[in-house]
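If you read the sequences in order, they're chains A and B. full-length UniProt numbering applies: residue 1 is where the first sequence begins, and numbers increase by one. full-length UniProt numbering applies: residue 1 is where the second sequence begins, and numbers increase by one. Cβ coordinates follow ideal geometry from the N, Cα and C atoms, glycine included. Structure record follows, encoded as structure tokens.
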Amino acid sequence: MTELWQQVLSGLGSGFIYASLALAICLVFQGTGAVNFAQGVMATASAYLAWSLVSNGMNFWLALVLVLAASFVLGALIERVFIRPVEGSSPLVMLTVTVALLIGLQAVVALIWGDDPQQLQSPFGGGSVEVFGARLTAQQLGAAAVVLVTLLLAGAFFRFTTLGLRMRAAAQNPASARLLSIDVGRMLALGWGLAATVGAVAGVIFAPTLGVSPAMMDSSLLLALAAATLGGFESRGGAVVGGLVLGVAANLASRYIPGIGSDLQLVVPFAVIFLVLLLRPQGLFGRVSSVRA
Amino acid sequence: MSGARTPAVVRPPAERDSEITVSTSHALPPAPRVGLRTAWWTAALAVVLLLAALAPASVISDFQFFQLNRVVTFAIAIGGLNLLLGWAGTISAGHGALFGIGAYTTAILVADHGVPWPLAVLASLVVGLVVGALLGLPALRLGGMNLGLITLAIALLLPPLLTRLDWLTGGPFGKTTPRVEAPPGLPFSSPQWLFLVNLVVLAVVFWLLSNMLRGRMGRALDAAASSRVMAAAHAIPTNRITVAVFAVSAAVAALGGALFHLTTRTSTPDSFTFLLSISLIAGAVVGGSRSFVGAIIGAAFVVFVPESLGGFVDPAAAGQWQQVVYAAALLLVIYFFPRGLAGLVRQARNRLVRRSSTNARSQEEQS
Chain A
1 MTELWQQVLS
11 GLGSGFIYAS
21 LALAICLVFQ
31 GTGAVNFAQG
41 VMATASAYLA
51 WSLVSNGMNF
61 WLALVLVLAA
71 SFVLGALIER
81 VFIRPVEGSS
91 PLVMLTVTVA
101 LLIGLQAVVA
111 LIWGDDPQQL
121 QSPFGGGSVE
131 VFGARLTAQQ
141 LGAAAVVLVT
151 LLLAGAFFRF
161 TTLGLRMRAA
171 AQNPASARLL
181 SIDVGRMLAL
191 GWGLAATVGA
201 VAGVIFAPTL
211 GVSPAMMDSS
221 LLLALAAATL
231 GGFESRGGAV
241 VGGLVLGVAA
251 NLASRYIPGI
261 GSDLQLVVPF
271 AVIFLVLLLR
281 PQGLFGRVSS
291 VRA
Chain B
1 MSGARTPAVV
11 RPPAERDSEI
21 TVSTSHALPP
31 APRVGLRTAW
41 WTAALAVVLL
51 LAALAPASVI
61 SDFQFFQLNR
71 VVTFAIAIGG
81 LNLLLGWAGT
91 ISAGHGALFG
101 IGAYTTAILV
111 ADHGVPWPLA
121 VLASLVVGLV
131 VGALLGLPAL
141 RLGGMNLGLI
151 TLAIALLLPP
161 LLTRLDWLTG
171 GPFGKTTPRV
181 EAPPGLPFSS
191 PQWLFLVNLV
201 VLAVVFWLLS
211 NMLRGRMGRA
221 LDAAASSRVM
231 AAAHAIPTNR
241 ITVAVFAVSA
251 AVAALGGALF
261 HLTTRTSTPD
271 SFTFLLSISL
281 IAGAVVGGSR
291 SFVGAIIGAA
301 FVVFVPESLG
311 GFVDPAAAGQ
321 WQQVVYAAAL
331 LLVIYFFPRG
341 LAGLVRQARN
351 RLVRRSSTNA
361 RSQEEQS
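What follows is the structure, encoded as structure tokens:
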């Protein structure tokens with residue numbers, strides 16, 4: 001029983017990575033209608049940036065703040081430069097652009113920082129904490145807490161601020177938003193910037209466990225895409241819940257189902273998506289929309 | 001065109017040659033112009049085949065034939081992918097894996113069961129068709145982009161699976177098969193013979209596909225890609241054609257993979273990674289995803305561009321530069337030549353034609 005509890009908790013721990021990336025993917029999808037395959041590698045770039053700063057002697061938390069700001073700018077810039085020219089195109093075109101961004105950015109990261117994995121020291125020290133009989137490292141607990149706070153902040157931002165409301169309006173109905181004198185283009189760029197920031201939080205805070213390498217976010221990206229599908233791309237909360245569920249499911253499956261090792265762990269999220277989508281095609285929290293031709 | 005102004009009317013499907021005409025608010029893309037003038041293309045193919053068959057080793061070396069074989073087999077797979085990208089309006093991030101499944105099917109049948117290679121290649125085609133249909137089925141519920149996500153799963157799962165199932169696939173070392181020799185009596189080297197075979201297969205496959213796309217299937221796909229709801233309202237079985245086209249596309253990719261294995265003779269799990277799937281997408285987009293000539297151009301891009309990079313950059317970083325070039329090419333083509341290089345070629349040709357005869361107005365030019 002303790003063993004199961006332990007697995008659930010550490011699954012939740014990695015679930016927070018997927019949850020925040022999934023939230024970032026949802027933010028971008030709601031704004032620009034693009035499934036952003038480059039979200040993971042954008043977080044990787046942020047992690048490398050943080051690693052560079054910290055290994056040059058900067059304090060971890062100061063580095064985190066700087067990197068978040070830089071990620072925001074970078075995300076908004078990517079929207080302006082690469083996405084704006086194809087704004088409003090078919091999802092297929094968007095997808096191709098983000099795939100191009102994925103392979104391009106990943107290569108650029110590898111060219112700048114090299115292929116060898118780097119180690120980032122955990123800001124929470126090497127201690128561990130006991131939670132109802134299960135052992136968690138301080139890093140696991142601290143990272144989860146930071147991500148949780150980020151997710152809550154993002155939620156509050158969209159719920160309670162005017163800017164958040166404007167962004168939701170621009171995402172939901174660009175034409176009407178424009179009539180209400182909302183600068184839709186700027187909102188989209190802000191959305192990308194915000195998504196990049198949320199992704200960067202996950203990338204930097206989990207870097208000590210994931211290790212900093214060009215491919216560090218690859219499997220997390222997949223699980224995040226799976227999580228977003230699971231929760232429904234339209235639902236921010238759903239994406240977060242989806243990420244946590246998948247984190248636990250993947251962890252439990254690789255521990256208890258014989259034949260699924262860590263190399264085939266990816267089977268789990270896709271099996272879950274299959275099942276969910278066969279029963280609820282709109283995702284767990286998505287709404288069915290009726291379409292008019 | 002008669003009836004071009006009629007609002008949203010589709011003649012009953014019973015009429016063989018019925019054209020789907022719709023109100024301008026959902027204007028369809030122009031009817032697919034895949035209709036290659038068959039006679040012209042057959043002649044071109046015959047000339048290339050003849051040249052390749054007669055070329056002495058001093059003109060085209062075996063290595064060059066090997067490279068050309070890679071181009072042709074990739075072109076077949078990209079042609080299959082074009083069905084999805086260019087016509088069905090969906091994406092497959094897993095065609096590299098389907099390519100790999102085709103390659104491994106042939107490799108296993110030839111190496112372990114002594115099946116003659118032509119039969120093994122046919123078996124690959126069938127396996128591809130079945131796998132494609134199985135992948136296409138959930139797409140009925142998922143639709144559009146979600147299919148892309150599912151195919152991503154097989155792209156990523158295939159290499160570890162191939163390594164894991166070593167009793168079947170030979171594990172990390174893969175499978176090696178003997179060289180395919182020309183029939184006794186014919187004076188061809190092995191790569192030369194394979195080139196002739198591959199080229200004929202490519203021609204037959206593209207001819208069949210373009211016939212399929214020129215007919216009702218192509219129009220139905222175009223209608224469904226522009227609006228599923230509208231297509232369904234016009235009695236097009238959108239679900240069924242999605243699965244069918246996915247299965248055909250997968251079968252063609254597997255066929256390309258099978259021929260690719262005959263060329264390289266060794267298939268290992270890391271020949272068929274996610275990067276291969278990406279390369280195929282890059283080839284399809286760069287060449288032009290609504291054109292089979294584009295598939296060949298795209299395949300040449302995928303094979304030769306990374307290689308020509310080798311001379312300029314540090315070999316250790318060659319893989320990264322290859323990715324950068326793919327990314328840049330994808331973005332440039334999407335921004336500036338949405339119809340790919342094939343579209344560019346067509347445009348140039350049309351301009352030439354128009355200059356020489358003022359009457360020749362081509363329809364493609366307008367769109």
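Residue nearest to residue i in terms of C-alpha spacing, selected from the options
| i | options | result |
| --- | --- | --- |
| F66 (chain B) | B:W40, B:R265, B:A282 and B:L280 | B:R265 |
| T137 (chain A) | A:S128, A:A143, A:A145 and A:A202 | A:S128 |
| S308 (chain B) | B:A329, B:Q322, B:A316 and B:G283 | B:Q322 |
| L93 (chain B) | B:P269, B:A223 and B:L157 | For the record, residue 93 (chain B) in the displayed sequence is Ala; it is not Leu. The shortest Cα separation from A93 (chain B) among B:P269, B:A223 and B:L157 belongs to B:L157. |
| V267 (chain A) | B:L352, B:S227 and B:A153 | B:A153 |
| A154 (chain A) | A:Y18, A:L23, A:S10 and A:V8 | A:L23 |
| E3 (chain A) | A:N251, A:A110 and A:A38 | A:N251 |
Chain-ordered neighbours of residue i on chain A, where CB pairs are closer than 9 angstroms
| i | result |
| --- | --- |
| V305 (chain B) | Near V305 (chain B) there are no residues of chain A at all, since even the closest Cβ is about 14 angstroms away, more than 9 angstroms. |
| Y326 (chain B) | A100, I103, G104 and A107 |
| L85 (chain B) | L92 and T96 |
Status (buried if at least 16 other CB within 10 Å, exposed otherwise) for residue i
| i | result |
| --- | --- |
| H113 (chain B) | exposed |
| D116 (chain A) | exposed |
| R166 (chain A) | buried |
| G86 (chain B) | buried |
| Q172 (chain A) | exposed |
| F304 (chain B) | exposed |
| P159 (chain B) | buried |
| V205 (chain B) | buried |
| N36 (chain A) | buried |
| E234 (chain A) | buried |
| A27 (chain B) | Bear in mind that the predicted position of A27 (chain B) carries a pLDDT of just 44, short of 50, making it unreliable; the figure below should be weighed with that in mind. A27 (chain B) comes out exposed. |
| I273 (chain A) | buried |
| Q192 (chain B) | buried |
| P7 (chain B) | Unreliable positioning characterises P7 (chain B) in this predicted model, as indicated by a pLDDT of 42, which lies under 50. The coordinate reading is nonetheless provided below. When all chains shown are included, P7 (chain B) counts as exposed. |
| T24 (chain B) | Since pLDDT at T24 (chain B) reaches only 39, below the 50 mark, its modelled position is unreliable, and the value read off the structure follows with that caveat. Exposed, since its Cβ has fewer than 16 Cβ neighbours within 10 Å. |
| D17 (chain B) | Because the pLDDT at D17 (chain B) is just 40, under 50, the model does not fix this residue reliably, and the point stays unresolved. |
| I112 (chain A) | exposed |
| Q30 (chain A) | buried |
| F270 (chain A) | buried |
| R339 (chain B) | buried |
| G18 (chain A) | Checking the sequence, you will find Tyr at residue 18 (chain A) rather than Gly. Classification of Y18 (chain A): buried, given that the 10 Å Cβ count is 16 or more. |
Boundaries of the beta strand (DSSP E) in which residue i is found, first to last residue
| i | result |
| --- | --- |
| L136 (chain A) | A134 to T137 |
| E234 (chain A) | Careful: E234 (chain A) lies outside any beta strand (DSSP E) and carries neither H nor E. |
| residue 295 (chain A) | Here chain A comprises residues numbered 1 to 293, so residue 295 (chain A) is not present and cannot be evaluated. |
Extent of the continuous alpha helix (DSSP H) run through residue i
| i | result |
| --- | --- |
| A307 (chain B) | In the sequence as presented, Ala is not what sits at residue 307 (chain B); that position holds Glu. It spans F292 to L309 - the alpha helix (DSSP H) in which E307 (chain B) sits, taken as one unbroken run. |
| G15 (chain A) | T2 to T32 |
| G287 (chain B) | F274 to G287 |
| P208 (chain A) | A207 to L210 |
| D222 (chain B) | R216 to S226 |
| F72 (chain A) | F60 to I78 |
Residue i: contacting residues in chain B (beta-carbon distance under 7 angstroms)
| i | result |
| --- | --- |
| T44 (chain A) | None at all; the shortest Cβ gap to chain B is about 14 angstroms. |
| Q106 (chain A) | Q323 |
| F206 (chain A) | Simply none; closest approach about 20 angstroms. |
Proximal residues of chain A, C-beta to C-beta of residue i below 7 angstroms
| i | result |
| --- | --- |
| P160 (chain B) | D263 and L264 |
| L156 (chain B) | L222 and L266 |
| V285 (chain B) | T96 |
| L104 (chain B) | One point to set straight first is that residue 104 (chain B) is Tyr, not Leu, in the sequence displayed. Chain A residues near Y104 (chain B): none, gap ~17 angstroms exceeds 7 angstroms. |
| I334 (chain B) | V86, V93, T96 and V97 |
| A317 (chain B) | L111 |
| Q320 (chain B) | A107, A110 and L111 |
Sub-8 angstroms separation of residue i and residue j beta-carbons
| i | j | result |
| --- | --- | --- |
| G75 (chain A) | G231 (chain A) | no |
| A223 (chain B) | L81 (chain B) | no |
| A228 (chain A) | G242 (chain A) | yes |
| L223 (chain A) | L246 (chain A) | yes |
| V54 (chain A) | A63 (chain A) | yes |
| S124 (chain B) | L255 (chain B) | yes |
| L54 (chain B) | F195 (chain B) | no |
| L129 (chain B) | A300 (chain B) | no |
| E79 (chain A) | A189 (chain A) | yes |
Listed by chain order, chain B residues near residue i by CB distance under 8 angstroms
| i | result |
| --- | --- |
| L53 (chain A) | Those within 8 angstroms of L53 (chain A) in chain B number zero; the least Cβ separation is about 23 angstroms. |
| F82 (chain A) | L331 |
Contact list for residue i against chain A, beta-carbon separation under 8 angstroms
| i | result |
| --- | --- |
| I278 (chain B) | V99 and I103 |
| L152 (chain B) | L222 and L225 |
| I281 (chain B) | T96 and V99 |
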